[in-house]
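K.L.:
Below is the structure I would like to discuss, written out as structure tokens.
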């Protein structure tokens, strides 16, 4: 699994992390194909984007998405609602 952005514990915060890249921009363990050798477009295994937020109880919650816009919309909705959605 990739190294997502470190999640702080401030309730009401949220964001999106790229699971195919490390914070320094290098390919993560989920990255595959020619991209790992420095050629071609990003490729990887599994969903690329992780939406995250910190609930009112101070616990971080995450959900993985194939599309960045979907992850961003989910994270924004959770932070607006106060993070009351129950996950699986």
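Numbering (the working numbering), first residue to last: 67 to 154.
Positions of the beta carbon are idealized from the N, C-alpha and C atoms, including for glycine.
Computed from a prediction, not measured in an experiment: that's the story for all the values here.
#1: Skipping 5 residues on each side, what residues in its chain have a beta carbon closer than 6 Å to that of residue 108?
#2: Give the DSSP-derived three-state secondary structure of residue 99 in the structure shown.
#3: With contact counted as at least three CB pairs below 8 Å, one residue from each stretch, are the stretch 109-126 and the stretch 81-100 in contact?
#4: Do you know how far the Cα of residue 116 is from the Cα of residue 77?
#5: I'd like to confirm the pairing. Which residues does DSSP put opposite residue 118 in its beta bridges?
P.N.:
For this structure:
#1: 86, 101, listed in sequence order.
#2: Look at residue 99 here: in three-state DSSP terms it is helix.
#3: These segments touch.
#4: Between residue 77 and residue 116, the C-alpha separation is close to 18 Å.
#5: Bridge partners of residue 118: 81, 128.
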